[in-house]
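Residue numbering for the sequence shown follows this note's numbering, starting at 139 and increasing by one per position. Glycine included, every Cβ here is placed at the ideal spot set by N, Cα and C. First the structure, in the form of structure tokens, and then the observations on it.
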Amino acid sequence: MALPVLAVVACGAATGDSSTTPKPGAGAPAAAVSGELGHVKGDPNAPITLIEYASPTCPACKYFHEEVFPALEEKYVATGKVKFVFREFPIHGQADVAAYVVALCAGEDKYFDVLDDLFENQEGIVQAANVGALGGMLKTVAKRHGIETDEEFDACLANPEYRDQLAAVYQSAEQFGVNGTPTFILDGKVRNFEGDYRTVEGFSKQIDALLAEKGVQ
Numbered sequence: 139m140a141l142p143v144l145a146v147v148a149c150g151a152a153t154g155d156s157s158t159t160p161k162p163g164a165g166a167p168a169a170a171v172s173g174e175l176g177h178v179k180g181d182p183n184a185p186i187t188l189i190e191y192a193s194p195t196c197p198a199c200k201y202f203h204e205e206v207f208p209a210l211e212e213k214y215v216a217t218g219k220v221k222f223v224f225r226e227f228p229i230h231g232q233a234d235v236a237a238y239v240v241a242l243c244a245g246e247d248k249y250f251d252v253l254d255d256l257f258e259n260q261e262g263i264v265q266a267a268n269v270g271a272l273g274g275m276l277k278t279v280a281k282r283h284g285i286e287t288d289e290e291f292d293a294c295l296a297n298p299e300y301r302d303q304l305a306a307v308y309q310s311a312e313q314f315g316v317n318g319t320p321t322f323i324l325d326g327k328v329r330n331f332e333g334d335y336r337t338v339e340g341f342s343k344q345i346d347a348l349l350a351e352k353g354v355q
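Next comes the structure, spelled out in structure tokens:
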């Protein structure tokens, strides 16, 4: 059962501990990801772009993805009015980093399927992380998406390219002053998980206003 929206609050700023922030490898370029930074749904030429910075262990992010985004996707993304870009913001340290590495390793065509799985099993992932059993929990998730052996799983986590990708996305958030999740960049402007941006109706009102400004029906 979904939590009432008023009971869901955005997740706070990262601690700044170097162990919680994905860092590029030695000499790695900041722009480690080619092309679009993040993971895209919808028409790349849509009149409006909605970027989300999110954490897989943030309850507010789970709420947005399960209770708000599906309606927005149907109304705006699937109809070519909004390009949605998901960007990783591992605010909760190595649990987030490892979870996102699994999603990246599964491949771009499975990325959002893994993301859905991570949100669906968020409580179990958080509990596993708290008792030192995160690896086993993520292996179970990974196996559902084609990463079937322990060797494949370990190779994914050890691959520095995925952490470089996460570092590039994390660094991109600095230009927007992102310090919590979820944070939205709607048509170039930063919007936090508050007010209209917590409900389907409110979010739709904001998108509709932007579409009207652009003359899009």
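Ordered along the chain, which non-local residues of its own chain (more than five positions away) have a Cβ less than 6 Å from that of residue i?
i: G176; result: V223, F224 and R225
i: V215; result: K179, G180 and F222
i: L348; result: I186 and D325
i: D255; result: V279
i: Y249; result: H177 and A241
Residue i CB to nearest chain D CB: under 8 Å?
i: G274; result: Here there is only one protein chain, and chain D is not present.
Grab me the residues of residue i's own chain with a C-beta within less than 7 Å of its C-beta, minus the 5 sequence neighbours each way, in chain order.
i: V354; result: P185 and K219
i: G340; result: G333 and D334
i: Q236; result: At residue 236 the sequence reads Ala, which differs from the Gln that was named. Answer for A236: L272, L276 and L295, listed in chain order.
i: I345; result: I186, Y214 and V220
For residue i, count the other beta carbons within 10 Å of its own beta carbon; 16 or more makes it buried, fewer makes it exposed. Which is it?
i: K221; result: buried
i: A183; result: It should be noted that the sequence gives Asn, not Ala, for residue 183. Result: exposed.
i: E190; result: buried
i: T195; result: buried
i: A305; result: buried
Using the Cα positions of residue i and residue j, report the straight-line distance between them to the nearest angstrom.
i: G326; j: T187; result: 8 Å
i: D251; j: A350; result: 33 Å
i: L272; j: P320; result: 23 Å
i: Y238; j: T217; result: 28 Å
i: S172; j: Q309; result: In this prediction, S172 scores a pLDDT of 36, lower than 50, which makes its location untrustworthy; the coordinate-derived value is nonetheless stated afterwards. Spanning the two alpha carbons is a distance of roughly 15 Å.
i: D234; j: K343; result: 31 Å
i: E290; j: R336; result: 38 Å
Tell me which residues share the same chain as residue i and place their Cβ nearer than 8 Å to its Cβ, disregarding the 5 neighbours each side in the sequence.
i: K352; result: P185 and I186
i: D247; result: none
Is the separation between the beta-carbon of residue i and that of residue j shorter than 8 Å?
i: G318; j: A148; result: yes
i: P197; j: V146; result: yes
i: L242; j: Y300; result: yes
i: A280; j: V240; result: yes
Whether or not the segment 282-290 and the segment 201-214 are in contact is what I'm after, with contact meaning three or more pairs of Cβ atoms, one per stretch, closer than 8 Å; do they touch? no
Between the segment 194-201 and the segment 316-335, do at least 3 Cβ pairs fall closer than 8 Å? yes
Touching or not, the segment 285-304 and the segment 255-262, by the rule of three or more beta carbon pairs under 8 Å? no
I'd like to know if the segment 306-326 and the segment 265-274 are in contact, where contact means that at least 3 CB-CB pairs between them fall below 8 Å. no
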